[in-house]
Amino acid sequence: MLANLSLGTISSVSTPTVTTAAAFAMAETSRLIRSSIVSHRGNYRGVVRGISSFAPLTTMPEMRRRPPPSHLCVSPAPTLHMTPTGVRSSALFSTQTGAVGSSPLGSQRGVEAVSLLPTYLADARAVPKYHPENSPNGALQLGVAENQMNEEELVSAIRKFSSGGKDEASSFESDLIYYQPTSGRPAFRAAFASYLRRLLHLPSDLDEEGLILGAGCNAVLENLCFCLAEPGEAVLIPTPYYAAFEFDLVARIGLSVMPVNTMDHHPPFEFFDDQVPLESYFPNVSSLDAAYGAAVQKGSTPRILLLSHPNNPLGICYPQSVINECIEWCRLNKVHLISDEIYAGSVYRSGEGDEATFTSALSLAASNIAESGSGGLGLGPYVHFVYALSKDFALSGLRVGAAYSENKMIRTPMQKLNDLCQISSQTQLVVERMLKSKAFKENEAEAHWTEEFLNENQRRIRKRCNRLQQCLDDVDVPYLNADSGLFLWMDMREFLPSADKNDIVETERKKEKKESMEKRERALYMEMLHDHGLLFTPGLSMRNELPGFFRCVFTAASDQEFDLGLDRIRNFVVAKRSQ
1 MLANLSLGTI
11 SSVSTPTVTT
21 AAAFAMAETS
31 RLIRSSIVSH
41 RGNYRGVVRG
51 ISSFAPLTTM
61 PEMRRRPPPS
71 HLCVSPAPTL
81 HMTPTGVRSS
91 ALFSTQTGAV
101 GSSPLGSQRG
111 VEAVSLLPTY
121 LADARAVPKY
131 HPENSPNGAL
141 QLGVAENQMN
151 EEELVSAIRK
161 FSSGGKDEAS
171 SFESDLIYYQ
181 PTSGRPAFRA
191 AFASYLRRLL
201 HLPSDLDEEG
211 LILGAGCNAV
221 LENLCFCLAE
231 PGEAVLIPTP
241 YYAAFEFDLV
251 ARIGLSVMPV
261 NTMDHHPPFE
271 FFDDQVPLES
281 YFPNVSSLDA
291 AYGAAVQKGS
301 TPRILLLSHP
311 NNPLGICYPQ
321 SVINECIEWC
331 RLNKVHLISD
341 EIYAGSVYRS
351 GEGDEATFTS
361 ALSLAASNIA
371 ESGSGGLGLG
381 PYVHFVYALS
391 KDFALSGLRV
401 GAAYSENKMI
411 RTPMQKLNDL
421 CQISSQTQLV
431 VERMLKSKAF
441 KENEAEAHWT
451 EEFLNENQRR
461 IRKRCNRLQQ
471 CLDDVDVPYL
481 NADSGLFLWM
491 DMREFLPSAD
501 KNDIVETERK
511 KEKKESMEKR
521 ERALYMEMLH
531 DHGLLFTPGL
541 SMRNELPGFF
551 RCVFTAASDQ
561 EFDLGLDRIR
571 NFVVAKRSQ
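Using the UniProt record's numbering, the first residue of the sequence shown is number 1, and each one after it goes up by one.
Here it is as structure tokens:
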């Protein structure tokens, strides 16, 4: 089928459903496949090895109507100066590392990529970490989104899946030493698609041709965005959001991140005193329109809306009405919706009434569109999905991520780009066995091991969260009631240093200057880190609209460390209130 793709047809594509670079990759891949099929008479391995490089741009004159990305240009291109919320041209730059211009020892873009990382990470690395014997007063790591509560069970299970059987042949298959399909081994993709349907309660099977399995969620997300937007075009993300999105989307593919500030688009509350209503964090048409307009004003065309659902760092799921509103807005404005559902299996509280706590955007998008008759869910070209095993299964070291799209124009580019981030064949085999395995417990013989593990994991997460919430209730510290993820969103505004009255801006409601917010939150962050050994993620690093909010990852510690963390939180609050 790939051999019949028309080079002329593909190269003239200029719709928002595929980027120039992606169209170029797709067309060139088609040409190489055709020539390789002729050369190798249909031998599959020959076809794969034939796709090795891009031909010069002069083979595609039609593409010159839109300049290709700078990294595809033969002649020198203008330098891109990257910032977390945009990309601008610049001959020279300076960063916190002091580098200026290019150097024979390293590239300008490499140094700039490092500058995109949140500064609080450097602060955290500078303090001794907790160790019960060597550093009992060291900082407790409660800021990295890892789950350390299931290590013993996980290691035992992975060893069992790795062995595969009683003989050596079943533990390692001979074909694993050769090249594999770039989007994943067929049996692995089938097992993953089946698992996702169970996990997300999807109304029909996924189209496995639209499922790309790569080395982690950030890798497949970057590749997906590469195929949907050009350098400098905007990704809209509701605030607060996972801080590393800015690195993932800017460092190499040069997109512009535009925060979607939601609080001004809901009923007002007092920024300095009132608790923030849950609904104030929900994106709606008004906030999306405002962010779209702000991006255009900065010269950046919005191409993508990225939702974290369940949300990191808030620890909550968006209601169905919010997801539906986002889907409709994206389709109306021809903006691509990417739903990052990496915590879909870590929803540990039931919803109120008849509505489930979590409903996948894939289910809602499928129910909002007429039957397409083409297989899959009938999502159309503007709804996409990413996931990984790093959070629900605490397997961040195995690097297993998934992207799903029914936009057929980006499939070939996505598959080719996945060459750069394939999962090792041995890991694919182990995870395939894990996803297909029946439950270990005899009384759950009909269930899968994945459901057995996730049910127990959710119970443990809920127990930890309940203990942290009870601790905060005891000392009267507000928080957002969590139902999913590995973290709790804490409101520590009470303990911020006072704001100077000159830093308060009078609008419809009082607001604070950005520099003042950053200064006050950093002071509180450093005090908790250095004086009380508490390492949380500061909210402003995640583009929160207000200072003084912190994300506490309550699963990133042993039982003993978690108990100590609760004691340190209590002691911190008592010490601050006694000043």
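Don't be surprised by glycine CBs; every beta carbon is placed ideally from N, CA and C.
These numbers were taken from a predicted model, which means no experiment stands behind them.
Open item on the list: At the 8 Å Cβ level, is residue 447 part of the contact set with chain C, yes or no?
Closed with: No chain C appears in the structure shown, which is made up of a single protein chain.
Task: CA nearest to the CA of residue 459, picked from 109, 392 and 123 - done: Taking the sequence shown and counting its residues from 1, one reaches residue 459 at position 459. For residue 459, the nearest C-alpha among the options comes from 392.
Open item on the list: Among 321, 129 and 190, whose alpha-carbon lies nearest the alpha-carbon of residue 428?
Closed with: Start at 1 with the first residue of the sequence shown, and residue 428 comes out as number 428. Of the candidates 321, 129 and 190, the one whose C-alpha sits nearest the C-alpha of residue 428 is 190.
- [ ] Pick helix, strand or coil for residue 326, following the three-state DSSP scheme.
- [x] Sequence index remark: in the sequence shown, residue 326 carries index 326 (1-based). In the structure shown, residue 326 sits in a helix (DSSP, three-state: H, G or I).
Task: Element boundaries [beta strand (DSSP E), containing residue 342] - done: As a position in the sequence shown, residue 342 is number 342, starting the count at 1. It is not in any beta strand (DSSP E) - residue 342 carries neither H nor E in the DSSP assignment.
Open item on the list: So, with DSSP's three-state summary, where would you put residue 132?
Closed with: In the sequence shown, counting from the first residue as 1, residue 132 sits at position 132. Three-state DSSP puts residue 132 in coil, outside helix and strand.
Task: Terminal residues of the beta strand (DSSP E) in which residue 237 lies - done: Mapped onto the sequence shown, residue 237 falls at position 237. Residue 237 -> beta strand (DSSP E) spans 234 to 238.
Open item on the list: I need the boundaries of the beta strand (DSSP E) containing residue 387, first residue and last residue.
Closed with: Within the sequence shown, the letter at position 387 stands for residue 387. Element bounds for residue 387: 383 to 388.
Task: Three-state secondary structure assigned by DSSP to residue 70 - done: The sequence position of residue 70 within the sequence shown is 70, counting from 1. Caution applies to residue 70, whose pLDDT of 42 falls short of 50 and renders its modelled position unreliable; the value that the coordinates give is listed next. Correct three-state label for residue 70: helix.
- [ ] Report, in whole angstroms, the separation of the C-beta atoms of residue 213 and residue 256, which I expect to be a contact under 8 Å.
- [x] Position 213 of the sequence shown holds residue 213. Position 256 of the sequence shown holds residue 256. In fact, because the Cβ distance is near 28 Å, the residues do not count as touching under 8 Å.
TODO: Have a look at 536, 543 and 553 and flag the residue whose alpha-carbon is nearest the alpha-carbon of residue 238.
DONE: Mapped onto the sequence shown, residue 238 falls at position 238. Closest option to residue 238, Cα to Cα, is 543.
TODO: With DSSP collapsed to three states, give me the class of residue 403.
DONE: In the sequence shown, residue 403 corresponds to position 403, counting from 1. Note: residue 403 maps to strand in three-state DSSP.
Open item on the list: Quick check on this structure: which residue in 162, 472, 224 and 492 has the alpha carbon closest to the alpha carbon of residue 403?
Closed with: Position 403 of the sequence shown, counting from 1, holds the residue named residue 403. The shortest Cα separation from residue 403 among 162, 472, 224 and 492 belongs to 224.
Open item on the list: The alpha helix (DSSP H) that contains residue 487, what's its start and end?
Closed with: Counting from one through the sequence shown, the residue named residue 487 turns up at place 487. Looking at the DSSP string, residue 487 is not in any alpha helix (DSSP H); the run it does join, the beta strand (DSSP E), is 487 to 491.
Task: Environment of residue 484 [buried if 16+ CB atoms lie within 10 Å] - done: As a position in the sequence shown, residue 484 is number 484, starting the count at 1. Answer is buried; the Cβ neighbour count reaches 16.
Task: CB-CB length for residue 261 against residue 287, believed under 8 Å - done: By one-based count along the sequence shown, residue 261 stands at place 261. By one-based count along the sequence shown, residue 287 stands at place 287. Correct: roughly 7 Å between the Cβ atoms.
Open item on the list: Report the start-end ranges of each beta strand (DSSP E) in the segment 178 to 225 that is 3 residues or longer and not cut off at the edges.
Closed with: 211 to 214
TODO: Hey, could you find the ends of the alpha helix (DSSP H) residue 256 is sitting in?
DONE: Mapped onto the sequence shown, residue 256 falls at position 256. Where residue 256 is concerned, there is no enclosing alpha helix (DSSP H), although the beta strand (DSSP E) it sits in stretches over 256 to 260.
Open item on the list: Is the separation between the beta-carbon of residue 235 and that of residue 306 shorter than 8 Å?
Closed with: Along the sequence shown, one-based indexing puts residue 235 at 235. Along the sequence shown, one-based indexing puts residue 306 at 306. The answer is yes: Cβ separation under 8 Å.
Open item on the list: Less than 7 Å between C-beta atoms, sequence neighbours within five positions excluded: which residues of the same chain meet that for residue 432?
Closed with: Taking the sequence shown and counting its residues from 1, one reaches residue 432 at position 432. Hits under 7 Å: 187, 188 and 191.
Open item on the list: Do residue 533 and residue 454 have their beta-carbon atoms positioned less than 8 Å apart in this structure?
Closed with: Looking up residue 454 in the sequence shown gives position 454. Looking up residue 533 in the sequence shown gives position 533. Not a contact, by the Cβ cut-off of 8 Å.
Task: Beta-carbon contacts of residue 64 that lie in its chain and below 7 Å, excluding the five residues immediately before and after - done: Reading the sequence shown from its first residue, position 64 is the one you call residue 64. In this prediction, residue 64 has a pLDDT of 33, which is less than 50 and means its spatial position is unreliable; nothing more can be read from the coordinates.
Task: According to DSSP, residues forming a beta bridge with residue 141 - done: Sequence index remark: in the sequence shown, residue 141 carries index 141 (1-based). Beta-bridge pairing links residue 141 to 535.
Task: Contact the segment 485 to 493 vs the segment 549 to 568: 3+ CB pairs below 8 Å - done: yes
Task: Residue range of the unbroken beta strand (DSSP E) whose run includes residue 308 - done: For this step, residue 308 is matched to residue 308 along the sequence shown. Residue 308 -> beta strand (DSSP E) spans 302 to 308.
Open item on the list: Taking 8 Å as the threshold (C-beta atoms), are residue 366 and residue 203 in contact?
Closed with: By 1-based counting over the sequence shown, the position of residue 203 is 203. By 1-based counting over the sequence shown, the position of residue 366 is 366. Closer than 8 Å, so yes.
Task: Contacts around residue 572, its chain only, beta-carbon distance under 6 Å, and the 5 residues preceding and following it disregarded - done: The residue labelled residue 572 in the question sits at position 572 within the sequence shown. 532.
Task: Residue nearest to residue 476 in terms of C-alpha spacing, selected from 198, 124, 275 and 175 - done: Walking along the sequence shown from the start, residue 476 turns up at place 476. That would be 275, whose Cα lies nearest to the Cα of residue 476.
TODO: Express the C-alpha separation of residue 215 and residue 40 in angstroms, rounding to a whole number.
DONE: On the sequence shown, residue 40 is found 40 positions in, with the first residue counted as 1. On the sequence shown, residue 215 is found 215 positions in, with the first residue counted as 1. With a pLDDT of 38 at residue 40, under the threshold of 50, the predicted position of this residue should be treated as unreliable, though the coordinate-derived value follows. One C-alpha to the other measures close to 30 Å.
- [ ] Could you check the C-alpha separation between residue 228 and residue 560 for me, to the nearest Å?
- [x] By one-based count along the sequence shown, residue 228 stands at place 228. By one-based count along the sequence shown, residue 560 stands at place 560. Approximately 46 Å, taken between the alpha carbons.
Task: Bridge partners - residue 448, DSSP secondary structure assignment - done: Residue mapping note: residue 448 aligns to position 448 of the sequence shown, counting from 1. Answer by DSSP bridge pairing, in chain order: 438.
- [ ] Return the CA-CA distance between residue 325 and residue 315, expressed in angstroms with no decimal places.
- [x] Along the sequence shown, one-based indexing puts residue 325 at 325. Along the sequence shown, one-based indexing puts residue 315 at 315. Cα-Cα distance, rounded: 20 Å.
TODO: Classify residue 296 as buried or exposed, calling it buried when 16 or more other Cβ atoms lie within 10 Å of its own Cβ.
DONE: Locating residue 296 in the sequence shown gives position 296, counting from the first residue. Per the 10 Å Cβ criterion, exposed.
TODO: Answer yes or no: do residue 557 and residue 154 have a C-beta to C-beta separation smaller than 8 Å?
DONE: Walking along the sequence shown from the start, residue 557 turns up at place 557. Walking along the sequence shown from the start, residue 154 turns up at place 154. It is not a contact, given that the beta carbons lie outside the stated cut-off.
Task: Candidates 329, 308 and 233: closest to residue 302 by CA position - done: In the sequence shown, residue 302 corresponds to position 302, counting from 1. For residue 302, the nearest C-alpha among the options comes from 233.
TODO: Keeping to the same chain, check which residues put their C-beta closer than 6 Å to that of residue 128; ignore five residues upstream and five downstream.
DONE: The residue you call residue 128 lines up with position 128 of the sequence shown. The residues are 135 and 138.
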